[in-house]
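Please read the structure below before turning to the comments.
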Amino acid sequence: MSEKVRVRFAPSPTGPLHIGGVRTALYNYLFAKKHGGTFILRVEDTDQNRYVEGAEAYIAEALDWLRLTPDESPAQGGDYGPYRQSERKSQYAKYAHELVEKGHAYYAFDTSEELTKMRTDQEALGHHSAKYDRRTRSLMRNSLTLSAEESKALIEKNENVIIRLKMPENEVVTFTDIVREDVSFNTDELDDKVILKNDGMPTYHLANIVDDHLMEITHVIRGEEWLSSTAHHVLMYRFFGWQEPKFTHLPLILKPSGKGKLSKRDGAKFGFPVFPLEWQQEEETYAGFREQGYDPKALLNFLVLLGWNPGNDEEVMTKDRMVEMFSLDKIVKSGARFDIDKAKWFNQTYIHKQNVEELLPIAKKVLADNDVSVDDTFLTKYVTLMQERITLYPDFYTEGTFFFHAPAEYDAKQAKKRYTAELDAHFEAIKSIITDGNNEAATLTDNVKSYLNENELKMGVYLPLLRIMMCGSLTGPDLFEIIALLGIEESNQRIDKALVAFKEL
RNA sequence: GGCCCGUUCGUCUAGGGGUUAGGACGCCAGGUUUUCAUCCUGGUAGCACGGGUUCGAAUCCCGUACGGGCUACCA
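Listed below in structure tokens is the structure:
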């Protein structure tokens, strides 16, 4: 690649960043880093009606959490700013006018009522979803149908004045998409898209290509929903005489089951997040991966493989490795269904691979959120014990609650199966072993096991019972590690308590 | 409806004229673990359909079906 790569992630601040948007950002980021290029965040806030307070901050925070840090952005600036389209408003009109002058665009004055009427009229004639195009524009009020004087007067009145792109007649527009290769559209099928709105703001189509040109974007990597309007974009580049960037349209992320692309409400419906961070809007809370205890690195790893592969069997990759392996031509063409089980597996795998030291502050916070505070020595041992038993970070509490609260109830079925009052004397003996023995799990294991052996007692009876006494059920890490960590006093108390409770079962 | 894009195990995917169609998640079984989980081993399951082209198609072509996107003064 001879020119310096510049790519942008261009979300619209109309709500929280969707997981598909995160993947788009990731691919842009990886491509930029792979080629030593620049990753730009540009906020496309040209629609004031859809602007949502806090959405831009959300996007920035999400990218930060995922460490997808832009090189240029509204927050940090750059040589091609401003990076918020609302702040670039004054620039767009002149480009729209340039297109009018060149005969590639025209003014239109139709009210929304007139537009609706045209569509229903066309519908009556048997034309479904009629467009404002080469066929219908002659029926409407615009600078192509009105006299120059009439148009001028209407433009000066400035009511319902917009600029539309004029689609050429019967031309085949072909562009190359890196994923899909050649894609063609006939201009007769394309509508005259509005490029400058009545409020003076550009629509996406104009703003996007003007900014991409001004910001010297070399590669446009965006969702497949833009594929259909790319012909318009390409035409505009040609009208302006600008070099067009290379296009890559990403397959969409689909619902885990059923029809359509993954949407905002699917999170609640399927019971998993579709947003990186939790988001609240109008009394509704949308779950976030961060809040549910996903590691951002694991999320990224899961996402990178949803629609791309490194060309070999590698799955667990660091971000550096992703950068190294990334290439646009390995992007898959078809949509990918979102599978939360795989996301969980990645998260678990990442937790297993982490150093205990990295996990310490995370576990500490999870425990604190559950009103549990522990000292560092305990925490280190606890995390070491729990690390391989955890899928999501909150499991640091839920998988080990018995460490912090003595069991309130016991697995009656399993206890009854093994317990009789005759066993009490031996549990008293085990208590004294715990009391006498040093506090190492290994020593405890040896001492208790040799006691059982010497007295010809069954391990399969005493050990499960001892576990139920400590944990309430037949789950959890190594029994003697638990006892060692709980300490002599607490362990013995649990035995006493259970011995009483077992008789009631 | 029209235009555009797509279709390999349930899911993510590799493979692009000759492969026992490979890997991963999930699921199932066995082993390890006094338990659960982890871990290890094995198994399960797929080329949407119909026509061509070819000695030979999952792979190339056409059609059909199905899925997706777009069809706003939204992005």
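The letter at position 375 of the first sequence is residue 402 when you use this note's numbering, and the numbering goes up by one with no holes.
Glycine included, C-beta positions come from ideal geometry on N, C-alpha and C.
A quick note: this is a predicted structure, and the numbers were derived from the prediction, not measured.
Inset, instruction - Count the other CB atoms, across all protein chains shown, that sit within 10 Å of the CB of Met486; report buried if there are 16 or more and exposed otherwise. - result: exposed
Legend entry - Cβ-based burial, Thr230 [other Cβ within 10 Å; buried from 16]: buried
Inset, instruction - For the alpha helix (DSSP H) containing Phe329, list its first residue and its last residue. - result: Pro323 to Val331
Legend entry - Coil, strand or helix - Met28 by DSSP: Bear in mind that the predicted position of Met28 carries a pLDDT of just 46, short of 50, making it too unreliable to give a figure here.
Inset, instruction - Taking 8 Å as the cut-off, decide whether the C-beta atoms of Asn336 and Lys357 are in contact. - result: Contact: yes.
Legend entry - Cβ-based neighbour list, Asn164, same chain, cut-off 7 Å, excluding 5 preceding and 5 following: Just to set this straight, residue 164 is Arg in the shown sequence, not Asn. Taking C-beta separations shorter than 7 Å and ignoring five residues to either side along the sequence, the partners of Arg164 in its chain run Leu171 and Asp219, following chain order.
Legend entry - Straight-line Cα distance separating Arg146 from Pro43: 33 Å
Inset, instruction - Determine the extent of the alpha helix (DSSP H) in which Glu508 is found, giving its start and end residues. - result: Leu506 to Leu513
Legend entry - Cβ pair count under 8 Å reaching 3, the segment 345-361 against the segment 299-313: no
Legend entry - Start-end ranges of the beta strand (DSSP E) lying completely within the segment 226-283, minimum 3 residues: 246-250 and 273-277
Inset, instruction - Report buried or exposed for Met28, applying the criterion of at least 16 other Cβ atoms within 10 angstroms of its Cβ. - result: Residue confidence is low: Met28 scores 46 on pLDDT, short of 50, so the model does not pin down where it sits. Its coordinate-derived value is still stated next. Counting Cβ neighbours within 10 Å, Met28 comes out exposed, since fewer than 16 surround it.
Inset, instruction - Give the DSSP-derived three-state secondary structure of Gly42 in the structure shown. - result: coil
Legend entry - Whole-angstrom C-beta distance between Tyr110 and Pro101, which should lie under 8 Å: 4 Å
Inset, instruction - Report the residue from His276, Thr73 and Glu318 whose alpha carbon sits nearest the alpha carbon of Ala234. - result: Thr73
Legend entry - His27, buried or exposed, once every other Cβ within 10 Å from all chains shown has been counted against 16: Because the chain in this structure spans residues 28 to 532, residue 27 falls outside the shown range and cannot be described.
Inset, instruction - Select from Tyr78, His154, Leu142 and Lys286 the residue whose C-alpha is nearest the C-alpha of Gln112. - result: Tyr78
Inset, instruction - Could you tell me the distance, in whole angstroms, from the CA atom of Leu532 to the CA atom of Phe405? - result: 33 Å
Inset, instruction - Using DSSP bridges, identify the partner residues of Lys335. - result: Here residue 335 turns out to be Trp, not Lys, going by the sequence shown. DSSP, once it has assigned bridges, lists Ile358 as partnering Trp335.
Legend entry - Proximity below 8 Å, CB of His276 to CB of Asp204: yes
Inset, instruction - Identify whether Glu426 lies in helix, strand or coil by the three-state DSSP scheme. - result: coil
Inset, instruction - Measure the CB-CB distance between Ile222 and Ile182 and report whether it falls below 8 Å. - result: no
Legend entry - Inter-residue spacing [alpha-carbon to alpha-carbon] between Ala87 and Arg94: 10 Å
Legend entry - Check whether Arg521 and Pro491 have beta carbons under 8 Å apart: Taking 8 Å as the Cβ cut-off, Arg521 and Pro491 do not qualify as a contacting pair.
Legend entry - For Ile522, the three-state DSSP class (helix, strand or coil): In the structure shown, Ile522 adopts helical secondary structure according to DSSP, grouped into three states.
Inset, instruction - Could you check which residue in Asn482, Tyr420 and Asn374 has the C-alpha nearest to that of Asp396? - result: Tyr420
Legend entry - Rounded distance between the beta-carbons of Tyr437 and Ala314, thought under 8 Å: Wrong, their Cβ atoms sit about 33 Å apart, outside the cutoff.
Inset, instruction - Pick helix, strand or coil for Ser174, following the three-state DSSP scheme. - result: coil
Legend entry - Residue(s) in a DSSP beta bridge with Arg35: Ile67
Legend entry - beta strand (DSSP E) runs contained entirely in the segment 124-209, provided each spans 3 or more residues: 132-135, 189-192 and 199-204
Legend entry - Beta-carbon gap between Glu342 and Leu332 smaller than 8 Å: yes
Inset, instruction - Could I get the ranges of all uninterrupted alpha helix (DSSP H) runs contained in the segment 285-314, with 4 residues as the minimum, in chain order? - result: 293-297
Legend entry - Cβ-Cβ separation, Phe423 to Val401 (assumed contact under 8 Å), whole Å: Not really, about 11 Å apart at Cβ, beyond 8 Å.
Inset, instruction - Give the DSSP-derived three-state secondary structure of Ser400 in the structure shown. - result: coil
Legend entry - Span of the alpha helix (DSSP H) around Ile460: Asp451 to Asp463
Inset, instruction - Would you mind reading off the limits of the beta strand (DSSP E) that contains Val221? - result: Val221 to Leu223
Inset, instruction - Kindly indicate the opening and closing residues of the alpha helix (DSSP H) around Leu479. - result: Ala468 to Glu481
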